[in-house]
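A.B. asks:
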Amino acid sequence: MNPAAAGGASRRVGSAVVDTLRSAGVDVRVIAAVDEGELRSRLGDAVASAVDAVVVVGGDGVVNLAVDVLAGTGTPLGIVPAGTGNDAARELGVPIDDPAAACRRVVDALAGGGRLIDVGVIESLGGGAGERRRFLCAVSAGFDALVNERANALRFPRGPQRYTVALLLELLRLRARRYRVTVDGRAYELDSVLLAVANLGSIGGGMRIVPFASAEDGRLDALVVAPVSRLRFLRLFPRVFAGRHTELDVVSFLSGSVITIDAEETIVAYADGERIGPLPVRISLEERALRVLI
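Under UniProt numbering, the sequence shown has 255 at position 255, and the numbering climbs by one with no breaks.
(1) If we count Cβ pairs, one from each stretch, closer than 8 Å, do we get three or more for the segment 104–122 versus the segment 251–264?
(2) Apart from the five residues on each side of it in sequence, which residues of its chain come closer than 7 Å, Cβ to Cβ, to G126?
(3) How close, in whole Å, do the beta carbons of L39 and A88 come, if the pair is a contact with beta carbons under 8 Å?
(4) Taking D35 as the reference, give the member of V62, A50, I122 with the closest Cα.
(5) Using a Cβ-based criterion (distance less than 6 Å to any ligand heavy atom), does V224 qualify as near the ligand HEM?
(6) Would you mind working out which of A222, T73, A215 sits nearest S255, comparing C-alpha positions?
(7) I need the DSSP call for R244, collapsed to helix, strand or coil.
(8) Ordered along the chain, which non-local residues of its own chain (more than five positions away) have a Cβ less than 6 Å from that of E149?
(9) Between the C-alpha atoms of S23 and V106, what's the straight-line distance to the nearest angstrom?
(10) Cβ of A213 within 7 Å of Cβ of G201?
(11) Please state the DSSP three-state secondary structure of E265.
(12) Pick from M207, L195, L194, G93: whose alpha carbon is nearest that of R244?
(13) Identify which residue in T246, S15, I259 has its Cα closest to the Cα of A82.
(14) Can you check the segment 68–153 for any alpha helix (DSSP H) of at least 4 residues that lies completely inside it and give the ranges in chain order?
(15) Cutting at 6 Å between CB atoms, please list the residues of its own chain near V210, excluding the five before and the five after it.
(16) In the DSSP assignment, what are the bridge partners of D191?
(17) Of the choices A32, L65, G74, I31, whose alpha-carbon is the least far from that of A50?
(18) What residues are listed by DSSP as bridge partners for T260?
(19) I need the straight-line Cα distance from P99 to N152, nearest angstrom please.
(20) Do you know how far the Cα of I259 is from the Cα of L190?
(21) Does the distance from the CB of L92 to the CB of I294 come in under 7 Å?
(22) State the DSSP-derived secondary structure class of L234, mapped to helix, strand or coil.
(23) Round the Cβ separation of V121 and R104 to the nearest angstrom and send it over; I've been treating them as touching at under 8 Å.
(24) How far does the alpha helix (DSSP H) with G37 in it extend, from its first residue to its last?
(25) Thinking C-alpha only, which one of R175, V250, G72, S192 is nearest V181?
(26) If we ignore side chains and look at the alpha-carbon of each, how far apart do V80 and R232 end up?
(27) Could you check the C-alpha separation between A271 and M1 for me, to the nearest Å?
(28) Quick one: is S229 buried, meaning 16 or more other Cβ sit within 10 Å of its Cβ, or exposed?
(29) Since I believe G85 is in contact with G205 (beta carbons under 8 Å), could you give me their beta-carbon distance rounded to a whole number of angstroms?
(30) Tell me whether the beta-carbon of A11 lies closer than 7 Å to the beta-carbon of L116.
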């Protein structure tokens, strides 16, 4: 866990999780670090020492890090949500407002073996060439990616308000971008205001961008929102959170196992909220690469 995440909530929840696991007879080793590099290194060392499972206490950022380290190793992953978005946990059916229930789910799954799911892989082919990262939920390459990039550049305000300010600033600049997308080798030229590729269906703390997405079907699903006015874009948001946008005339989907995205202008891609690098990117799947304790 990252003890500083979510205003210290991860530390508080983590202590309770350790107590619960130990009371269930589980031998627990605690790995806590604020620095991502240190956390990644210590997690890799734990996997190399053949731990039976890794239980993450935190939000989507630390879950993404764990997925990147654990996929393909055979080491199972349990999740006890303690972040702000918790999209991965939500999509996997983990209780997001009840750490004790989430912890019990992990204990039960340890006995049952859990489930194997697909993991997405994004590779930067542009200015960040060589960057490669796994993800569980989705890659953002449209409006939401622009908001993330703007929020990261703002010095003020601090906390969640920074994202809100970034969203408003980007909304004022809302316009369609021209994309070049290939899906399993088939090429598309698209004008879009919102473009995302999902393995699981939610981003941004519950936006159900692809409500039918599954991490057990061996495919990626891309959401494409055609050019719309600012007013219609705002009206679209409540429907996206409810997953009721799929039949709208400005919404379309593309599905495949390998998707590449490029754009006529510089857009930085994000995966599970983590910065990857400028387009173009290649997105693929590692099927049944991660065992999750759910």
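Ideal Cβ placement from N, Cα and C applies to all residues, glycine included.
C.D. replies: According to the structure data:
(1) When C-beta atoms of the segment 104–122 are compared with those of the segment 251–264, fewer than three pairs fall below 8 Å, so the two segments do not count as touching.
(2) Position 126 of the sequence shown, counting from 1, holds the residue named residue 126. Correct list, in chain order: G277, P278, L279, P280.
(3) By 1-based counting over the sequence shown, the position of residue 39 is 39. By 1-based counting over the sequence shown, the position of residue 88 is 88. Not quite, the Cβ-Cβ distance comes to about 17 Å (not below 8 Å), so this is no contact.
(4) Along the sequence shown, read from residue 1 onward, the residue named residue 35 stands at position 35. Ranking the options by Cα distance to D35, first place goes to V62.
(5) For the ligand HEM, the structure offers nothing, since it holds no ligand at all.
(6) Looking up residue 255 in the sequence shown gives position 255. Ranking A222, T73, A215 by Cα distance to S255 puts A222 first.
(7) As a working mapping, residue 244 is identified with position 244 in the sequence shown. Looking at R244 - three-state DSSP - the assignment turns out to be coil, as it is neither helix nor strand.
(8) For the purposes of this step, residue 149 is identified with residue 149 of the sequence shown, where counting begins at 1. Closer than 6 Å at the Cβ level, and outside the excluded window around E149, lie V268.
(9) Residue numbering aside, residue 23 sits at position 23 when the sequence shown is read from its first letter. Residue numbering aside, residue 106 sits at position 106 when the sequence shown is read from its first letter. Rounded to the nearest whole angstrom, the CA to CA distance from S23 to V106 is 13 Å.
(10) For this step, residue 213 is matched to residue 213 along the sequence shown. For this step, residue 201 is matched to residue 201 along the sequence shown. A distance below 7 Å separates the beta carbons of A213 and G201.
(11) For the purposes of this step, residue 265 is taken as residue 265 along the sequence shown, with counting starting at 1. DSSP places E265 outside both helix and strand once states are collapsed to three, so it counts as coil.
(12) Position 244 of the sequence shown, counting from 1, holds the residue named residue 244. For R244, the closest C-alpha among the options M207, L195, L194, G93 is that of M207.
(13) Start at 1 with the first residue of the sequence shown, and residue 82 comes out as number 82. Checking every option, the nearest Cα to that of A82 belongs to S15.
(14) Taken in chain order, the complete alpha helix (DSSP H) segments of 4 residues or longer contained in the segment 68–153 are 87–91, 99–112, 143–153.
(15) Walking along the sequence shown from the start, residue 210 turns up at place 210. Excluding positions up to five away in sequence, the list reads A198, G201, D221, L223.
(16) Residue 191 sits at position 191 when you count from the first residue of the sequence shown. For D191, which the question treats as bridged, DSSP gives the partners R178.
(17) Residue mapping note: residue 50 aligns to position 50 of the sequence shown, counting from 1. A50 has its Cα closest to that of G74, out of A32, L65, G74, I31.
(18) Position 260 of the sequence shown, counted from the first residue, corresponds to residue 260. DSSP lists T182, R282 as partners of T260.
(19) The sequence position of residue 99 within the sequence shown is 99, counting from 1. The sequence position of residue 152 within the sequence shown is 152, counting from 1. Going by the C-alpha atoms only, they are around 29 Å apart.
(20) The count along the sequence shown starts at 1 and reaches residue 190 at position 190. The count along the sequence shown starts at 1 and reaches residue 259 at position 259. For L190 and I259, the distance between alpha carbons rounds to 14 Å.
(21) Walking along the sequence shown from the start, residue 92 turns up at place 92. Walking along the sequence shown from the start, residue 294 turns up at place 294. A Cβ-Cβ contact shorter than 7 Å links L92 with I294.
(22) Within the sequence shown, numbered from 1, the residue matching residue 234 stands at position 234. In the structure shown, L234 sits in a helix (DSSP, three-state: H, G or I).
(23) The sequence position of residue 121 within the sequence shown is 121, counting from 1. The sequence position of residue 104 within the sequence shown is 104, counting from 1. Contact between V121 and R104 is ruled out by a C-beta separation of about 32 Å, above the 8 Å threshold.
(24) As a first step, residue 37 is located in the sequence shown; it is residue number 37 there, counting from the start. For G37, the uninterrupted alpha helix (DSSP H) segment begins and ends at 36–48.
(25) Against the sequence shown, residue 181 aligns to sequence position 181. Ranking R175, V250, G72, S192 by CA distance to the CA of V181 puts S192 first.
(26) Translated into positions along the sequence shown, residue 80 becomes position 80. Translated into positions along the sequence shown, residue 232 becomes position 232. If you draw a straight line from the Cα of V80 to the Cα of R232, it comes to about 37 Å.
(27) Position 271 of the sequence shown, counting from 1, holds the residue named residue 271. Position 1 of the sequence shown, counting from 1, holds the residue named residue 1. Taking the straight line from one Cα to the other gives about 20 Å.
(28) Here residue 229 refers to the residue found at position 229 of the sequence shown. Under this definition S229 is an exposed residue.
(29) Within the sequence shown, numbered from 1, the residue matching residue 205 stands at position 205. Within the sequence shown, numbered from 1, the residue matching residue 85 stands at position 85. About 4 Å separates the two Cβ atoms, so the contact holds.
(30) To locate residue 11, count along the sequence shown from 1; it is residue 11. To locate residue 116, count along the sequence shown from 1; it is residue 116. The sequence given here has Arg at residue 11, not Ala. With respect to L116, R11 sits apart: the two C-beta atoms are not nearer than 7 Å.
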